[in-house]
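Contents: one structure, followed by commentary.
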Amino acid sequence: MLSWILAIVTAFVALAVVLRDKPQQYNLPPGPQGLSFFGLIGSMLPTDRPWIAFTQWAKSYGDIISFHIMGRRIILISSAEAINELFNKNSLNFVNKPPRIMASLCDFTETLPFMDNGPQFRKCRKQFHHELNSAAIAKHTAVIESEVQSLLQNIARQPSKFEDDLYFAIGKTLLRLTLGYNVSDKNDRLLTYAESVSTNAAIAMMPGVFLVDRMPFLRHMPSWLPGGGFKKVAAQWRQELYELVDKTFKSLEQQKGLDDAQEHLMASMLRSGDFDDDPDAQRNIKFSAVTIYAAGILTIQSFLLSFCLAMTHFPLVQREAQAEIDSIVGRKRLPTLADKENLPYVQCLMKELMRWNPVVPLLSRKPSEDFKYGQYDIPSSATIIANAWAITRDPELFPDPDKFEPKRFMPCDSGGKKHEIPDPTFWTFGFGRRVCPGQDLAESFTFVAVVQLLATFDIRPVMDEEGRPKLPKIIYTTEAASRPMSFDCDIRLRPDANGFFTA
Numbered sequence: 001m002l003s004w005i006l007a008i009v010t011a012f013v014a015l016a017v018v019l020r021d022k023p024q025q026y027n028l029p030p031g032p033q034g035l036s037f038f039g040l041i042g043s044m045l046p047t048d049r050p051w052i053a054f055t056q057w058a059k060s061y062g063d064i065i066s067f068h069i070m071g072r073r074i075i076l077i078s079s080a081e082a083i084n085e086l087f088n089k090n091s092l093n094f095v096n097k098p099p100r101i102m103a104s105l106c107d108f109t110e111t112l113p114f115m116d117n118g119p120q121f122r123k124c125r126k127q128f129h130h131e132l133n134s135a136a137i138a139k140h141t142a143v144i145e146s147e148v149q150s151l152l153q154n155i156a157r158q159p160s161k162f163e164d165d166l167y168f169a170i171g172k173t174l175l176r177l178t179l180g181y182n183v184s185d186k187n188d189r190l191l192t193y194a195e196s197v198s199t200n201a202a203i204a205m206m207p208g209v210f211l212v213d214r215m216p217f218l219r220h221m222p223s224w225l226p227g228g229g230f231k232k233v234a235a236q237w238r239q240e241l242y243e244l245v246d247k248t249f250k251s252l253e254q255q256k257g258l259d260d261a262q263e264h265l266m267a268s269m270l271r272s273g274d275f276d277d278d279p280d281a282q283r284n285i286k287f288s289a290v291t292i293y294a295a296g297i298l299t300i301q302s303f304l305l306s307f308c309l310a311m312t313h314f315p316l317v318q319r320e321a322q323a324e325i326d327s328i329v330g331r332k333r334l335p336t337l338a339d340k341e342n343l344p345y346v347q348c349l350m351k352e353l354m355r356w357n358p359v360v361p362l363l364s365r366k367p368s369e370d371f372k373y374g375q376y377d378i379p380s381s382a383t384i385i386a387n388a389w390a391i392t393r394d395p396e397l398f399p400d401p402d403k404f405e406p407k408r409f410m411p412c413d414s415g416g417k418k419h420e421i422p423d424p425t426f427w428t429f430g431f432g433r434r435v436c437p438g439q440d441l442a443e444s445f446t447f448v449a450v451v452q453l454l455a456t457f458d459i460r461p462v463m464d465e466e467g468r469p470k471l472p473k474i475i476y477t478t479e480a481a482s483r484p485m486s487f488d489c490d491i492r493l494r495p496d497a498n499g500f501f502t503a
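Here this note's numbering is used: the first residue of the sequence shown is 1, the next is one more, and so on.
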């Protein structure tokens with residue numbers, strides 16, 4: 001009986017939205033139509049890494065595609081030019097994100113990635129810019145380099161656990177930088193909660209994972225009814241979020257007023273005069289801290305796992321990067337962030353990793369007002385999805401896009417001809433007024449990790465029983481922060497690398 005009621009209500013909702021966005025009102029872009037009232041449902045809609053299928057759709061329908069899912073209008077954009085026009089040049093109209101009912105039930109909307117434009121959003125953005133700008137991050141370079149060296153030691157002791165070690169090192173570093181909190185081991189409660197909240201938020205951010213995001217009226221149904229299980233999940237995730245928030249606040253409170261407290265990103269907020277007497281200020285600092293490490297854990301991990309995966313497949317690239325490091329830095333010390341400008345090939349490798357498999361393949365926005373782009377209308381009721389993956393595979397922007405080639409980002413080719421290649425950081429860290437405020441932190445940590453891993457280890461595929469290399473499959477997860485599926489590789493110390501661990 002309940003299933004029939006849901007079907008009838010869904011049909012009316014879909015019909016209402018379809019009529020609201022009917023072609024005679026809007027000149028919508030072309031795209032797959034699906035069923036008349038329900039649009040794309042079931043197998044019509046790709047669910048496994050949908051950005052790959054969306055890229056194929058763009059070849060059939062064009063760079064701007066329109067379709068609807070049970071009445072929800074989707075505008076899919078696969079053009080760098082269109083994304084720049086909408087999200088950068090008209091950023092005020094495209095600053096909001098589509099409603100995420102599941103995220104709101106979990107109170108993730110209290111964190112910056114889920115906030116809509118408004119006084120609180122702008123205040124948090126300003127706060128983050130103050131704490132995470134390049135000058136502020138530069139003060140913490142020693143912490144980043146120290147934590148990466150601990151990562152190297154852990155990998156050297158047990159190379160097969162490199163994925164766990166990467167995850168631990170990232171979380172440990174972010175907690176230390178953000179709170180001055182020293183993680184003792186992998187079972188640390190604060191670290192465990194941070195990892196859990198990060199994973200939960202990444203799932204909640206993906207469109208369509210939960211039925212309630214497609215049919216918002218379901219949020220009012222009791223949790224004990226069939227189909228209401230999402231409410232139990234939301235309650236659990238909300239509890240974990242507030243456990244993390246409370247533990248964060250206790251850590252900050254313990255350090256307040258201590259002369260020997262470690263300097264960290266939240267320190268200036270702690271020293272502000274309004275922290276004690278302003279509940280909103282207390283809430284801001286707690287959720288700001290949570291946002292930094294919860295948002296950073298999965299994204300940085302994805303990038304570094306992509307690096308390890310790429311090195312198993314492209315040994316010539318690895319050797320060229322190592323040759324540059326050995327030539328410029330030598331073998332008597334580890335490279336540092338200060339060496340970055342003298343290592344152009346390693347910088348190009350970083351950019352090619354961003355292009356090869358974008359950490360965030362799909363980014364979504366919600367226009368505040370109806371918008372006209374070229375001949376097409378973009379309704380304010382639509383969800384806009386930017387397909388960053390499609391841009392990375394555009395042969396006009398990146399010749400031979402399926403080839404892993406860091407040299408494409410060199411200023412000039414071997415003949416002296418200037419390269420006209422867009423910088424992939426343009427889409428890696430978001431667009432317009434939602435550019436990731438943690439960009440400088442992420443770039444600093446990932447550069448130090450990559451350059452020191454290259455200096456210290458050879459990363460190779462494992463061998464099969466007959467002594468032949470067994471290349472890991474290049475398969476990524478279907479998440480907001482997509483990362484490689486778990487894989488094996490053979491990580492060995494390079495000659496003379498043992499000297500890096502003696503201090």
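Ideal Cβ placement from N, Cα and C applies to all residues, glycine included.
- Under three-state DSSP, which class holds F314? In this structure, DSSP gives F314 a state outside helix and strand, which the three-state scheme calls coil.
- Counterpart residues of N96 in DSSP-defined beta bridges: K366
- Item | Expected contact under 8 Å - CB spacing of L179 and S251 to nearest Å | 5 Å
- Neighbourhood of E243 by C-beta distance below 7 Å, restricted to the same chain and skipping five residues each side: Y193
- Kindly indicate which three-state DSSP category Y476 falls into: helix, strand or coil? Note: Y476 maps to strand in three-state DSSP.
- Message: For D377, report the span of its alpha helix (DSSP H) as first-last.
- Response: No alpha helix (DSSP H) contains D377, which is instead part of the beta strand (DSSP E) from Y376 to I378.
- Query: If you run the structure through DSSP and keep just helix, strand and coil, what is S486?
  - Reply: coil
- What do you reckon, are the CB atoms on L316 and T141 nearer than 9 Å? no
- Query: Can you tell which of R492, I384, K231 and P361 has the C-alpha that lies nearest to the C-alpha of A480?
  - Reply: P361
- Message: Can you tell me whether G330 is buried or exposed? The criterion is at least 16 other CB atoms within 10 Å of its CB, across all chains shown.
- Response: Under this definition G330 is an exposed residue.
- What whole-angstrom Cβ distance do L166 and H264 have, given they're in contact under 8 Å? Incorrect: roughly 22 Å between the Cβ atoms, too far for contact.
- Message: Looking only at its chain, what residues have a beta carbon closer than 7 Å to the beta carbon of D496, apart from the 5 residues adjacent to it on each side?
- Response: R331
- Counting Cβ pairs, one atom from each stretch, are 3 or more of them under 8 Å apart for the stretch 93-113 and the stretch 63-71? no
- N84 in three-state terms, based on DSSP: helix
- Message: Between which two residues does the alpha helix (DSSP H) holding H129 run?
- Response: P119 to L132
- Message: Using beta carbons (cut-off 9 Å, strictly below), is E369 in contact with chain C?
- Response: Looking at the structure shown, chain C is missing, and only one protein chain is on hand.
- Query: To which residues does DSSP link L76 through a beta bridge?
  - Reply: I65 and I385
- Task: Please say whether D377 and Y61 have beta carbons closer to each other than 9 Å?
- Result: no
- Message: So for Y373, helix, strand or coil by DSSP?
- Response: strand
- I459: first and last residue of the uninterrupted beta strand (DSSP E) it sits in: F457 to R460
- Of the residues R434, P411 and I491, the one placed nearest D423, counting alpha carbons only: P411
- Message: On the DSSP bridge list, what partners appear for L493?
- Response: F457
- Task: Inspect the beta-carbon positions of A323 and L349 and report whether they are closer than 9 Å.
- Result: Against a cut-off of 9 Å, the Cβ pair of L349 and A323 comes out as no contact.
- Task: Would you mind giving the Cβ-Cβ distance between P98 and K366, rounded to the nearest angstrom? I have them listed as a contact below 8 Å.
- Result: Sure, about 5 Å apart at Cβ, within 8 Å.
- Message: Tell me whether F404, by its Cβ, gets closer than 8 Å to a heavy atom of the ligand SAM.
- Response: Absent from the structure shown: the ligand SAM. Ligands present: none.
- Item | Rounded straight-line distance, which links the Cα of L151 to that of T312 | 19 Å
- Task: Can you say whether G31 is buried or exposed, counting buried as having 16 or more other CB atoms within 10 angstroms of its CB?
- Result: buried
- Message: What would DSSP say about P411, mapped onto helix, strand or coil?
- Response: coil
- Query: Which partner residues does K470 have in the DSSP bridge list?
  - Reply: Partner(s): V462.
- Task: Give me the Cα-Cα distance between R433 and L86, rounded to the nearest whole angstrom.
- Result: 11 Å
- Query: How big is the Cα-Cα spacing for S184 and L175?
  - Reply: 11 Å
- Message: DSSP three-state label for D260, please.
- Response: No answer about D260 holds up, because its pLDDT of 48 lies below 50 and its placement is not dependable.
- Query: CA-CA distance, A204 and S198?
  - Reply: 10 Å
- Would N200 be called buried (16 or more neighbouring beta carbons within 10 Å of its own) or exposed? A residue is called buried when at least 16 other Cβ atoms come within 10 angstroms of its Cβ; N200 meets this threshold and is buried.
- Query: Whose C-beta lies closer than 8 Å to the C-beta of S288 among residues of the same chain, with five residues either side of it excluded?
  - Reply: L112, C124, Q127, F128, E131, M266 and M269
- Message: Counting C-beta neighbours from all protein chains within 10 Å, is the total for P29 16 or more, i.e. buried, or is it exposed?
- Response: buried
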